[in-house]
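Numbering (the numbering used here), first residue to last: -19 to 278.
Written out as structure tokens, the structure is:
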């Protein structure tokens, strides 16, 4: 009798074990479906302002704005998202930034003639994907490179009525034109054997081979001070010519050059200082992002 009971108990154990295994196996294969609402937003729009670098050497350039659909499962059908140019987003950015920083320079609307957007603007996020890209062709010719031009865009709707993230629905895309010579530099500016000042000028790209630079140790913060800047033009042989920007009183003395290996400018020029005294300047500046040389490592 005890033997029969043991056999029955063993059979029950086996049945329970098998059922447990089956249930566990089934639970591992359960498809719980979408775990949260699909939400659409513009990538890089968390601060509203996004600065995109574009080279003067690039032909047929475009502004690329990425639209993302956040979801726990891939899209099963193509999603079409509509956008529009939204000048209100640009006005809001300028107003908010000016409150936080009185020295803020307003971003300026990219002129209609310098970009191509015809009719309604749509981004298609393909089935199985999570993002799509709106490409806006633009042309920088005829514009002032010192002005921070921007294109503001906002999400309007989508053909699946998915939620649009209200905090990430707009972007103000600022176009920052660059070339091989633009960037932050560090070095010295000498007006006499005994008068040397350290300088950290920002060189702003004006064209493929031109950059704007502050004169000597003058400020590069006041953008309305046309007497504070000069233009460096780099020739194919890396010789550099210097000319005034705006109404600056600057004279090229010749002999200036650019070293493409160390990314260093050596400049010779004259300018009139605030006391109306003519100063002769010898400056040596190097791009702070230049790769290290053997001399740097010694």
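Note that the Cβ used here is the ideal one computed from N, Cα and C, for glycine as well.
Residue burial classification, residue i (beta-carbon count within 10 angstroms, cutoff 16)
i           : result
residue 169 : buried
residue 166 : exposed
residue 125 : buried
residue 98  : exposed
residue 211 : buried
residue 236 : buried
residue 138 : buried
residue 261 : buried
residue 288 : Shown here, the chain extends from -19 to 278; a query on residue 288 therefore has no answer.
residue 12  : Note that residue 12 scores 46 on pLDDT, short of 50, meaning its location in the model is unreliable; the coordinates nonetheless yield the value given after this. With fewer than 16 Cβ atoms within 10 Å of its Cβ, residue 12 is classed as exposed.
residue 258 : exposed
residue 272 : exposed
residue 159 : buried
residue 40  : exposed
Helix, strand or coil at residue i according to DSSP, with G and I counted as helix
i           : result
residue 70  : helix
residue 92  : helix
residue 80  : helix
residue 256 : coil
residue 50  : strand
residue 271 : coil
residue 264 : strand
Of the residues the options, the one placed nearest residue i, counting alpha carbons only
i           : options               : result
residue 219 : 179, 260, 190 and 162 : 190
residue 56  : 107, 265, 103 and 49  : 107
residue 184 : 161, 216 and 195      : 161
residue 143 : 273, 19 and 272       : 19
residue 71  : 102, 264, 85 and 216  : 85
residue 59  : 44, 113 and 95        : 113
residue 164 : 265, 171, 81 and 73   : 265
residue 256 : 123, 45 and 207       : 207
residue 94  : 247, 248, 50 and 123  : 123
residue 140 : 104, 115, 174 and 172 : 104
residue 172 : 267, 29, 43 and 263   : 263
residue 67  : 90, 50 and 49         : 90
residue 254 : 50, 273, 196 and 159  : 196
residue 17  : 50, 45, 44 and 269    : 50
residue 111 : 145, 73, 45 and 271   : 45
residue 227 : 145, 177, 245 and 194 : 194
residue 222 : 241, 242, 246 and 239 : 246
residue 180 : 174, 217, 224 and 244 : 244
residue 192 : 177, 146, 225 and 270 : 225
residue 234 : 178, 248 and 241      : 248
residue 242 : 182, 269 and 217      : 269
Whether residue i touches residue j by CB criterion (7 angstroms)
i           : j           : result
residue 232 : residue 251 : no
residue 63  : residue 133 : yes
residue 120 : residue 157 : yes
residue 150 : residue 75  : no
residue 87  : residue 54  : no
residue 153 : residue 130 : yes
residue 22  : residue 61  : no
residue 36  : residue 214 : no
residue 96  : residue 117 : yes
residue 148 : residue 52  : no
residue 283 : residue 30  : This structure cannot settle anything about residue 283, because the visible part of the chain is limited to -19 through 278.
residue 38  : residue 115 : no
residue 28  : residue 73  : yes
heavy atom of the ligand SAH below 6 angstroms from residue i C-beta
i           : result
residue 102 : The model on display carries no ligand, and the ligand SAH is accordingly not part of it.
In chain order, each beta strand (DSSP E) run of at least 3 residues that lies wholly inside the segment 20 to 46: 29 to 35
Beta strand (DSSP E) runs wholly inside the segment 185 to 238, at least 3 long, in chain order: 190 to 194, 209 to 214, 220 to 224 and 230 to 232
Entirely enclosed alpha helix (DSSP H) segments - the segment 129 to 190, minimum 4 residues: none
Ranges of the beta strand (DSSP E) found wholly within the segment 99 to 133, counting only runs of at least 3: 101 to 105 and 111 to 117
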